[in-house]
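In terms of the working numbering, the sequence shown is numbered consecutively and its last residue is 700.
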Amino acid sequence: MTLGQNHTTVTRFILLGLTDQAAGRHLLFGIFLLIYAVTLVGNLGMMDLIRTSSTLHTPMYFLLSVLSFLDICNSSVFTPRLLISFLTTDQSISFAGCVVQMAFMILHGTGECLLLAFMAYDRFVAICHPLLYHTIMSKRLCIQLAVVTYAAGVFVSALQTGNAFILPYCGPNIIDHFFCDIPPVLQLACSDTTVANIILLFLSALVTVPTVSAILVSYTYILVTICRMKSLEAQRKAFSTCASHLIALSLFYGSVFFVYVQPNPESASAYNKTLSVFYTIVIPMLNPLVYSLRNKDVKAAVQIRVLNLSRKWIY
386 MTLGQNHTTV TRFILLGLTD QAAGRHLLFG IFLLIYAVTL VGNLGMMDLI
436 RTSSTLHTPM YFLLSVLSFL DICNSSVFTP RLLISFLTTD QSISFAGCVV
486 QMAFMILHGT GECLLLAFMA YDRFVAICHP LLYHTIMSKR LCIQLAVVTY
536 AAGVFVSALQ TGNAFILPYC GPNIIDHFFC DIPPVLQLAC SDTTVANIIL
586 LFLSALVTVP TVSAILVSYT YILVTICRMK SLEAQRKAFS TCASHLIALS
636 LFYGSVFFVY VQPNPESASA YNKTLSVFYT IVIPMLNPLV YSLRNKDVKA
686 AVQIRVLNLS RKWIY
């Protein structure tokens, strides 16, 4: 280790991973390989379906395709390296690699928070103001929302990553995690991290609290509108769809809040590792299922797509 920029002597970090038990590594490899395969197939399939089906060329599905792209990118930041760690003894990652991994994690995590809020607003307009839906949710607005999602992600990522790696790292290099997350990395800093933790808490709250508030307000209005529907069958279907969306949102935001939005995120590293699996690996797999499983338009588009593909194979 040699002295580098920002007084940093650490050149590589050691990621301890999810488990130190050799007996369960192959089982975990199989489980996470299956999850990653389902994630890629589900999200790529959703993007292809939305691109090729004219009935899905609506603002809701445009935002869903952006979400699928984010989920593929987010999952790909963590899962391939995690899979390799189950099969090899080398658990190290370079200092630069750790910086890049953290930056992409924050970028896609921030983008997903914002996009879920935009999608909730889209559903609010569609259900509560159906006559104005296409006027409000114009193509131009949808593109602007996608641009804002990534621009905000890049901005927050630069601030959070800079906040973590501006500190000196001059000795300890073992990260008790399966990726370079902010709290366990800050634990290795060779200086006081109080200010860094305050900045982490502030920026995390700045992203999560407004987006969660927007989602809760949107779904409150949606539920009120559903309750006013005269058709019990329409109410049942609407409640069923909203319930599945809210479950997915609760899993994502619940795990993010517990990991980042707390006074001292470093003190809870034991369960933070487990919670991180949900928002980095499990949620990207569930999103295409949650947002399409009960949707008749998607089911019809799948049938048409499968029929067209089967015809191409036959002829």
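All residues carry an ideal CB built from backbone N, CA and C; glycine is no exception. As the structure is a prediction and not an experimental result, all values here were calculated from the model.
Check                                                                                                         : Outcome
Within 7 Å, strictly: CB atoms of T424 and M670                                                               : yes
Unbroken alpha helix (DSSP H) run spanning R436, endpoints                                                    : R410 to T437
Own chain partners of L441 with C-beta closer than 8 Å, once the 5 adjacent residues on each side are dropped : L434, I435, D682, V683 and A686
Identity of the residues DSSP links to R621 by a beta bridge                                                  : The partner list for R621 (beta bridge, DSSP) is empty, contrary to what the question assumes.
Which of helix, strand or coil DSSP assigns to R613                                                           : coil
M670 - DSSP class collapsed to helix/strand/coil                                                              : helix
Terminal residues of the alpha helix (DSSP H) in which L517 lies                                              : No alpha helix (DSSP H) holds L517; DSSP gives it neither H nor E.
Same chain only: Cβ atoms within 7 Å of I399, ignoring 5 sequence neighbours per side                         : Q476, S477, N558, I559 and I560
Where I551 falls: helix, strand or coil (DSSP)                                                                : coil
Secondary structure of T393, DSSP reduced to three states                                                     : At T393, the pLDDT of 48 sits below 50, so the modelled position is not reliable; the number obtained from the coordinates is stated separately. Residue state, collapsed to three classes: coil.
C513 versus S603 - alpha carbon distance                                                                      : 9 Å
Through-space distance from R525 to G482, alpha-carbon basis                                                  : 36 Å
Alpha-carbon to alpha-carbon, D507 and A574                                                                   : 42 Å
6 Å Cβ shell around A488 - same chain, five flanking residues per side excluded                               : S542 and T546
Per-residue DSSP class, three states only, for F398                                                           : strand
DSSP bridge partner residues for I559 (one or two, in chain order)                                            : I399
Pairwise C-alpha distance: I521 and I611                                                                      : 21 Å
The beta strand (DSSP E) enclosing S677, as first and last residue numbers                                    : Premise fails: S677 is in no beta strand (DSSP E) and is neither H nor E.
Nearest-angstrom beta carbon gap, S640 and F663 [assumed within contact, 8 Å]                                 : 4 Å
C-beta contact flag for C458 and H493 at 7 Å                                                                  : yes
Three-state class that DSSP yields for S629 in the structure shown                                            : helix
Whole-angstrom distance between F643 and I416, CA atom to CA atom                                             : 25 Å
Supposed contact pair L552 and T578 - C-beta distance, whole angstroms, cut 8 Å                               : 7 Å
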